[in-house]
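Below is one structure, written out as C-alpha cells, with a few remarks after it.
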Amino acid sequence: MDEYDSRPDPRLEVSLCEDDEKYDLRVGEGHFEYIGLVLIFNQTEFESNPDNPDDVCESRSEEPGKEIQELMEELGFKVFYYKDLKRTQITNTIGKFAAMRRRDKKKFASLMVFFLSHGNIVNIESDFHEILKTRDYDLLISDTWKNFEHTDSWNNKPKIFVFQTCRGKDLVEGVKVEQRRSSHAKIDFNIDNLNDFETDGVCNTEGLFAQSGSGIMEATEESASFVSNDREPNRQPINIQRRRIYNPLNELSFNTNTSDIRSLPIPFTEPKFSDLLIFHPTYQGATSFTEISHIPFISTMLQNIRNDIFTKDLLSIFQKIQQEIAYNYHASDRAQRDAAVFESSDLEGSRQMPSIQSTLTGKVCYTNPRSEQLGRVMSSCRLPNDYNMTTGKGKAIIFANKYNGMCNYPPMPYVTCDVNGLKRSFDFIKCDVNEYWDLSYTELRDCLEECKFLMETPGSF
Numbered sequence: 001m002d003e004y005d006s007r008p009d010p011r012l013e014v015s016l017c018e019d020d021e022k023y024d025l026r027v028g029e030g031h032f033e034y035i036g037l038v039l040i041f042n043q044t045e046f047e048s049n050p051d052n053p054d055d056v057c058e059s060r061s062e063e064p065g066k067e068i069q070e071l072m073e074e075l076g077f078k079v080f081y082y083k084d085l086k087r088t089q090i091t092n093t094i095g096k097f098a099a100m101r102r103r104d105k106k107k108f109a110s111l112m113v114f115f116l117s118h119g120n121i122v123n124i125e126s127d128f129h130e131i132l133k134t135r136d137y138d139l140l141i142s143d144t145w146k147n148f149e150h151t152d153s154w155n156n157k158p159k160i161f162v163f164q165t166c167r168g169k170d171l172v173e174g175v176k177v178e179q180r181r182s183s184h185a186k187i188d189f190n191i192d193n194l195n196d197f198e199t200d201g202v203c204n205t206e207g208l209f210a211q212s213g214s215g216i217m218e219a220t221e222e223s224a225s226f227v228s229n230d231r232e233p234n235r236q237p238i239n240i241q242r243r244r245i246y247n248p249l250n251e252l253s254f255n256t257n258t259s260d261i262r263s264l265p266i267p268f269t270e271p272k273f274s275d276l277l278i279f280h281p282t283y284q285g286a287t288s289f290t291e292i293s294h295i296p297f298i299s300t301m302l303q304n305i306r307n308d309i310f311t312k313d314l315l316s317i318f319q320k321i322q323q324e325i326a327y328n329y330h331a332s333d334r335a336q337r338d339a340a341v342f343e344s345s346d347l348e349g350s351r352q353m354p355s356i357q358s359t360l361t362g363k364v365c366y367t368n369p370r371s372e373q374l375g376r377v378m379s380s381c382r383l384p385n386d387y388n389m390t391t392g393k394g395k396a397i398i399f400a401n402k403y404n405g406m407c408n409y410p411p412m413p414y415v416t417c418d419v420n421g422l423k424r425s426f427d428f429i430k431c432d433v434n435e436y437w438d439l440s441y442t443e444l445r446d447c448l449e450e451c452k453f454l455m456e457t458p459g460s461f
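The UniProt record's numbering numbers the first residue of the sequence shown as 1 and each following residue consecutively.
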C-alpha cells in the first residue's frame with residue numbers, strides 16, 4: 001500500500017502510556033458517564049470584608065470564567081458554574097460534591113475545580129496561609145481541596161484544582177541573560193501600556209501598585225512581621241524560602257514505635273492527600289498578572305487544553321503552560337519590549353512563574369468519548385490494495401447543526417468538538433474537507449446539488 005495507508009488517527013486512540021501507568025478515565029457502557037466534573041467559582045464582585053471593612057477589592061471581568069465553562073462543556077465535561085458566591089456558599093457547594101452519594105461513584109471519572117478571584121497571603125498565629133477572596137469573607141485555599149482528602153466517591157480519581165489568584169505581593173524580577181531560550185513557545189504577552197496593566201491582587205486603594213491588600217509580609221529566622229503599604233522603590237523580592245508557609249499536605253505523621261510491631265496486624269492504608277494536582281499562576285508569595293482584555297495564564301491554559309487535552313497527559317500540558325508563561329510573558333512597555341529594563345518601576349520587566357503541586361499516582365490521559373467509537377471503526381477499515389490513491393484519499397463533506405432552528409430540541413454545543421475530531425481524522429488520511437454549519441433545508445439542498453459530481457464517481461459515498 002502507499003505511504004498514506006489508511007490508519008486510525010493516533011490522536012483518537014491516545015496511547016500515551018501503559019494502562020497500569022494511568023488513571024482509568026474511560027467513558028461508555030460499563031465505565032464512567034462523564035470524563036470529569038468541572039466546578040467553576042468565578043468571583044467578580046466583592047463586598048466589604050466584615051473582618052476588615054477597609055479591605056475593598058476591585059471588580060473583575062466575568063469573561064475568563066465563561067470561556068472556561070464554554071470550553072469544558074465542548075470537551076464533554078459536566079460543568080457547574082457559580083458566580084460571586086459568599087464563603088459559606090462556596091464551602092457548602094464543595095462539601096456537597098465531595099460527599100457525593102456512593103451510587104454516583106461511576107458518574108464522573110475525574111474532578112476539576114477552577115477558582116478565579118483576588119488572593120493574598122496572611123499571617124495567622126505565626127503561620128502564613130494563602131487565601132482567596134469570596135464575596136464577603138476570605139477563604140483559606142487549603143480549605144478548597146481538603147474536603148476531597150479521601151472520600152469514597154473520589155478515591156483513586158484525579159482531582160485537579162486551578163487557581164487564578166495572587167499568592168502575595170512579591171514581583172518576580174527577571175534575570176538578565178545574554179540570549180533568550182529559543183526552544184520555547186511563540187506566544188508573547190507584552191504589555192503595550194503599563195497604565196493598562198495590573199496584577200490580580202486583592203485591592204487597589206492607592207493606585208497601580210496597591211494590588212495585594214493588607215501589605216507585604218517579611219519574615220526572619222527570629223520573628224515574622226507584617227509591613228503595611230510598602231512603597232519602597234526598586235525593592236528586591238523577599239526570599240520566599242525564609243517564610244514559614246502553612247501547607248496541609250505536610251501534615252503527615254508516622255508512628256516510629258516499633259517495639260511490638262511483630263505482634264500487631266498491619267492494615268493496608270493509602271495516603272491521605274493522594275491524586276491531587278494543584279496549579280497556581282505564580283509561586284508562593286508572588287503576584288499574578290492580568291491585562292484589561294484577558295488573563296494570560298487563563299488564555300494560555302485554555303489554548304493548550306483545547307489543542308492537547310486528548311493527545312497528552314494533563315501534567316505535561318500544565319508543564320507546557322508553565323514554560324510559555326515563564327519565558328514568553330513579561331511586563332514592559334512597547335518602546336522597551338526587547339530590553340531588560342527594571343529601573344523605571346517595580347513592575348517593569350517582571351516575570352510570572354506558574355507553580356504545580358502534584359500528588360498524582362498516575363498519568364491523567366483523557367480520551368475524547370465521542371471519538372473512541374470512531375477510532376475503533378477506523379482501526380478495522382483498510383482500503384483495498386488495488387486502489388491508486390497516491391495523490392490523496394478524496395473529499396469529505398461535513399454537515400453539522402449546532403442550533404436546531406424552530407425545533408424544540410436544545411442546542412448541541414458538543415458538535416464543534418465532534419467536527420474537529422472528524423476533520424483531524426480526515427486530514428490524517430489526506431482527505432480534502434469541506435464543512436457546512438447550520439444550513440436550512442433550502443441551503444442544504446442547493447449544496448448537495450453542487451456536489452452532484454461526486455455521485456458520478458463509484459465509491460464516493
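All C-beta atoms, glycine included, are put in the ideal place defined by N, C-alpha and C.
>> Output needed for ILE141: all residues of its chain with C-beta closer than 7 Å, excluding positions within five of it in sequence on either side, in chain order.
In response: GLU130, ILE131, LEU132, PHE163
- Query: Can the beta-carbon of ILE321 be found less than 7 Å from the beta-carbon of THR300?
  - Reply: yes
On the DSSP bridge assignment, give the partners of MET112 in chain order.
VAL38, ILE160
Contact set for ILE240: own chain, Cβ-Cβ below 6 Å, skip 5 residues either direction = Bear in mind that the predicted position of ILE240 carries a pLDDT of just 43, short of 50, making it too unreliable to give a figure here.
Would you mind giving the Cβ-Cβ distance between THR165 and PHE115, rounded to the nearest angstrom? I have them listed as a contact below 8 Å.
7 Å
Taking the alpha carbon of LYS105 as the reference point, which residue from HIS31, THR93, ARG167 has its own alpha carbon closest? HIS31
#### Entry: Local Cβ density within 10 Å of residue 489, reported as buried at 16 or more and exposed below that
A question about residue 489 goes unanswered here, because the residues of the chain that appear run from 1 up to 461.
Is it the case that the segment 35-45 contacts the segment 67-86, given that we only count it when at least three CB pairs across the two stretches are under 8 Å?
yes
- Query: Is VAL415 near ALA400, with beta carbons less than 7 Å apart?
  - Reply: yes
Does LEU444 pass the burial test, meaning 16 or more other C-beta atoms within 10 Å, or should it be called exposed? exposed
**Prompt:** Just to confirm, are PHE46 and ALA98 a CB contact at a threshold of 7 Å?
**Reply:** no
- Task: Use the C-beta contact count for GLY36: other C-beta atoms within 10 angstroms, 16 or more gives buried, fewer gives exposed.
- Result: buried
(request) Consult DSSP for GLN357 and reduce its assignment to one of helix, strand or coil. (result) strand
According to DSSP, simplified to helix, strand and coil, what is LEU276? strand
Would you list the one or two residues that DSSP bridges to ASN307?
ASN307 is not bridged to any residue.
DSSP three-state label for THR290, please. strand
From ASP143, VAL433, LEU360, residue whose alpha carbon lies closest to that of LEU315
LEU360
Worksheet item: Can you tell me whether TYR23 is buried or exposed, with buried defined as 16 or more other CB within 10 angstroms of its CB?
Response: buried
- Do PRO369 and GLY76 come within 7 Å of each other at the CB atom, strictly closer than that value? yes
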